[in-house]
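K.L.:
Handing you this structure, nothing more for now.
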Amino acid sequence: MTHIRAMTRNDVDDVSRLLGASWRRTYSPIMGASTAARLSDDRHTPEALATELEDEDNMSFVAERGDGSIAGYAMAVMDKQGDVMLERLHIEPQEFGSGLAADLLHAVLAAHAGLPSIALEVIEGNDRAVAFYRKHGFEVVERRQAAHGVGGHASLIMRRLLARA
Ligand SMILES: CC(C)(COP(=O)(O)OP(=O)(O)OC[C@H]1O[C@@H](n2cnc3c(N)ncnc32)[C@H](O)[C@@H]1OP(=O)(O)O)[C@@H](O)C(=O)NCCC(=O)NCCS
-5 MTHIRAMTRN
5 DVDDVSRLLG
15 ASWRRTYSPI
25 MGASTAARLS
35 DDRHTPEALA
45 TELEDEDNMS
55 FVAERGDGSI
65 AGYAMAVMDK
75 QGDVMLERLH
85 IEPQEFGSGL
95 AADLLHAVLA
105 AHAGLPSIAL
115 EVIEGNDRAV
125 AFYRKHGFEV
135 VERRQAAHGV
145 GGHASLIMRR
155 LLARA
């Protein structure tokens, strides 16, 4: 059984490893192996993840298997205007197609019930992620040129309207 729960400081090492592996696997074909590794290693240290947990505008979830291992992770951030971005959603490849990503997404959406919409930025070329988000009601609302996208790569801003309470 895998269950979704709030991330804690005890998870930072596992989540750092999961992000490092997922960035290398997902983004090496798009931005090159060394850039993908460098960007992930810079951003996703256990210390950085622990600092994010202290920020009340961030909300982080993990999917924990019955054996205690971490199978997935999602993080959303609310900006000063109250707009929420799904910043990260990563699951282990053996979970692809299992519905776990949808469960994590729904945990994030449930935590933000009452908001008009939620947005995210996805690197162009990450076709599996774009297909996943489209399937879950997100639409492309903006294309960012390479100079303004993640890691100097063109990206898509997608947004999903949420039912208002
Ligand atoms: C993005 C992610 C969370 C989605 O979870 P998932 O379990 O793989 O998603 P699903 O299998 O439910 O949906 C993916 C869809 O894309 C389709 N797909 C797979 N590869 C594809 C490709 N190259 N091009 C287009 N569609 C593709 C799948 O068939 C599936 O659609 P279907 O359910 O209609 O068959 C997961 O793949 C992941 O962790 N990826 C690595 C990290 C990442 O890219 N995160 C997003 C950062 S913004």
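Following our numbering, the numbering of the sequence shown begins with -5 at its first residue and continues without gaps. We treat Cβ as the ideally placed atom computed from N, Cα and C, and that holds for glycine. Predicted model only: the values in this text are computed from it and were never measured.
#1: Taking the alpha carbon of G62 as the reference point, which residue from V78, R(-1), A101, Q75 has its own alpha carbon closest?
#2: So the candidates are F132, G108, A107, L103; which of them puts its Cα closest to the Cα of E115?
#3: Where does S54 fall in DSSP's three states?
#4: If the criterion is Cβ atoms closer than 8 Å, does the pair A130 and R154 meet it?
#5: What does I174 pair with, by DSSP beta-bridge criteria?
#6: Shorter than 7 Å, the distance from the beta carbon of T(-4) to the closest heavy atom of ligand 1, or not?
#7: Please report the residue range of the alpha helix (DSSP H) in which T45 lies.
#8: When the Cα of D97 is compared with those of R137, V56, E136, which residue comes out closest?
#9: Roughly how many whole angstroms lie between the Cα atoms of L47 and V9?
#10: For the putative contact between L83 and L156, defined by C-beta atoms under 8 Å, what is the C-beta separation to the nearest angstrom?
#11: In whole angstroms, give me the CA-to-CA distance for G76 and P23.
#12: Going straight from the alpha carbon of V135 to that of I112, what length do you get?
P.N.:
Inspection of the coordinates gives the following:
#1: As a position in the sequence shown, residue 62 is number 68, starting the count at 1. Considering only alpha carbons, the answer is R(-1).
#2: Within the sequence shown, the letter at position 121 stands for residue 115. Considering only alpha carbons, the answer is F132.
#3: Looking up residue 54 in the sequence shown gives position 60. S54 falls in the strand class under three-state DSSP.
#4: As a first step, residue 130 is located in the sequence shown; it is residue number 136 there, counting from the start. As a first step, residue 154 is located in the sequence shown; it is residue number 160 there, counting from the start. The sequence given here places His at residue 130; Ala does not occur at that position. For H130 and R154, yes; Cβs fall inside 8 Å.
#5: In the structure displayed, the chain extends from -5 to 159; residue 174 sits before or after that span and is not available.
#6: Translated into positions along the sequence shown, residue -4 becomes position 2. No - ligand 1 has no heavy atom lying nearer than 7 Å to the Cβ of T(-4).
#7: Counting from 1 along the sequence shown, the entry for residue 45 is found at position 51. Unbroken alpha helix (DSSP H) run through T45: 40 to 48.
#8: Sequence index remark: in the sequence shown, residue 97 carries index 103 (1-based). For D97, the nearest C-alpha among the options comes from V56.
#9: Counted from its first residue, the sequence shown places residue 47 at position 53. Counted from its first residue, the sequence shown places residue 9 at position 15. Approximately 12 Å, taken between the alpha carbons.
#10: Residue mapping note: residue 83 aligns to position 89 of the sequence shown, counting from 1. Residue mapping note: residue 156 aligns to position 162 of the sequence shown, counting from 1. So it is not a contact: roughly 16 Å between Cβ atoms.
#11: Position 82 of the sequence shown, counted from the start, is the residue given in the question as residue 76. Position 29 of the sequence shown, counted from the start, is the residue given in the question as residue 23. Distance between the alpha carbons of G76 and P23 is about 34 Å.
#12: As a working note, residue 135 is residue 141 in the sequence shown. As a working note, residue 112 is residue 118 in the sequence shown. Those two C-alpha atoms are separated by around 12 Å.
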